[in-house]
Every structure is written in C-alpha cells, then in structure tokens.
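Asker: Letter by letter, the sequence shown follows residues 1 to 144 of the working numbering. The structure under discussion is supplied below as structure tokens; questions concerning it will follow.
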Amino acid sequence: MAGESPRLLSGGNPQIPKGDGDAPVREYIAGMPGWKADVGRELDAIIERAVPGATRAVRWNAPFYGVPGGGWFATFRCFTRYVKVTFFDGVDLDPVPPEAGKDDRARHLHVHEGEDLDAALLTRWMQQASRLPGYGSASPGPRP
C-alpha cells in the first residue's frame, strides 16, 4: 500500500490500521482530505509542543494521544463538514470545550473549514487533559 492514499470512510475519515507510535499517526494525517490535513498537522504540532513525550497511536481510524502510564487524553477525526477534537475528560477542562456528546465526560471542539485554531487555548486544554485520568491505557509504566 506504499504510496497509495488510504481509503476514506464516511465523512472523509481515513481508514488507517491500528498502530502505535508516530508513523500511523502521520499516515492518518497525510490521508486527511483537503483542508482537514492542515488542521490535523496543526493539531498534532500543538499537542507535541503542549505535552512533550505524548504517546501516539491510531485506534478506531483516529489518532489518539496519551501519557505514559496514563490514559488517552485526546483524539480527532474527520467528519463531512468539520474535524472533531475530543477530550475524554473534557468536562474537567477550564474553560469546558463547547460541544457535548454521547459520553457525559467527553467534550468536543468542531473545527470547520476556514476557521483558525486558537493555539493558546488548545495548548491549555491539552496540558490540562494530559493530567487527567483519560480513557483506557495509553501505555504501560508509571505516570510522569
């Protein structure tokens, strides 16, 4: 499959096999269609600066970010009209991200075409979220 674009699922979300580390996350971002790839690159860079050493993986056709010994704190994925950024313990962030969802603890940010990301706010959210328990287990080992 080298050199081929990934298959796009409904809403234009890239279908990327489950994998750990930078490579599958970079493959996912490269497979994001059009303007969404720019959003993905910017989100990934914000997370990298905000939470140095964050664990990266692709799960359920989306990049997940976590901390060693902790849970996943954020993910994002493509939808038809926006990129949805999810904070698994978003109700505990200050300020609380604007969008609610099915999970009563998660909160979301929808990024639409042409919208600028608020890097300062996203940095604060990522830093706060990385200190919360998160979802599942991002990797074994003690939490820093």
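We put the beta carbon where it would ideally sit given N, CA and C, even for glycine. Fair warning: this is a prediction, and the values are worked out from it, not measured in the lab.
Given a threshold of 16 other Cβ atoms within 10 Å of its Cβ, counted over all protein chains shown, does L109 qualify as buried or as exposed?
Answerer: To locate residue 109, count along the sequence shown from 1; it is residue 109. Flag for L109 reads buried.
Asker: Hey, quick one: how far does the alpha helix (DSSP H) through G31 stretch, first residue to last?
Answerer: As a working note, residue 31 is residue 31 in the sequence shown. 22 to 31 is the extent of the alpha helix (DSSP H) around G31.
Asker: Give the C-beta separation of F88 and G134 to the nearest angstrom, bearing in mind that I take them to be a contact with Cβ-Cβ under 8 Å.
Answerer: Numbered from 1 along the sequence shown, position 88 holds the residue referred to as residue 88. Numbered from 1 along the sequence shown, position 134 holds the residue referred to as residue 134. The pair is a contact, with the Cβ atoms about 5 Å apart (cut-off 8 Å).
Asker: Assuming S130 contacts F73 (C-beta within less than 8 Å), just tell me the rounded distance between them.
Answerer: Within the sequence shown, numbered from 1, the residue matching residue 130 stands at position 130. Within the sequence shown, numbered from 1, the residue matching residue 73 stands at position 73. That belief holds up - the Cβ atoms of S130 and F73 are roughly 5 Å apart, short of 8 Å.
Asker: In the DSSP assignment, what are the bridge partners of L8?
Answerer: Residue numbering aside, residue 8 sits at position 8 when the sequence shown is read from its first letter. Per DSSP, P14.
Asker: Return helix, strand or coil for R56, following the three-state DSSP convention.
Answerer: For the purposes of this step, residue 56 is identified with residue 56 of the sequence shown, where counting begins at 1. Here R56 sits in strand by DSSP.
Asker: So within the stretch 95 to 136, which uninterrupted beta strand (DSSP E) runs reach at least 3 residues, ignoring any that extend past its ends?
Answerer: 107 to 112
Asker: In whole angstroms, give me the CA-to-CA distance for W125 and T55.
Answerer: Translated into positions along the sequence shown, residue 125 becomes position 125. Translated into positions along the sequence shown, residue 55 becomes position 55. Spanning the two alpha carbons is a distance of roughly 17 Å.
Asker: Using the rule of at least 16 other Cβ atoms within 10 Å of the residue's Cβ for burial, across every protein chain shown, is P95 buried or exposed?
Answerer: As a first step, residue 95 must be located in the sequence shown, where it is residue number 95. Per the 10 Å Cβ criterion, exposed.
Asker: Between the alpha carbons of L8 and Q15, how many angstroms are there, rounded?
Answerer: Within the sequence shown, residue 8 is the residue found at index 8, counting from 1. Within the sequence shown, residue 15 is the residue found at index 15, counting from 1. Distance between the alpha carbons of L8 and Q15 is about 6 Å.
Asker: Within 10 angstroms of the Cβ of R107, are there 16 or more other Cβ atoms? Answer buried if so, exposed if not.
Answerer: Looking up residue 107 in the sequence shown gives position 107. By the 10 Å Cβ count, R107 comes out buried.
Asker: Counting along the chain, where does the beta strand (DSSP E) carrying V85 start and finish?
Answerer: In the sequence shown, counting from the first residue as 1, residue 85 sits at position 85. That run of the beta strand (DSSP E) goes 82 to 87.
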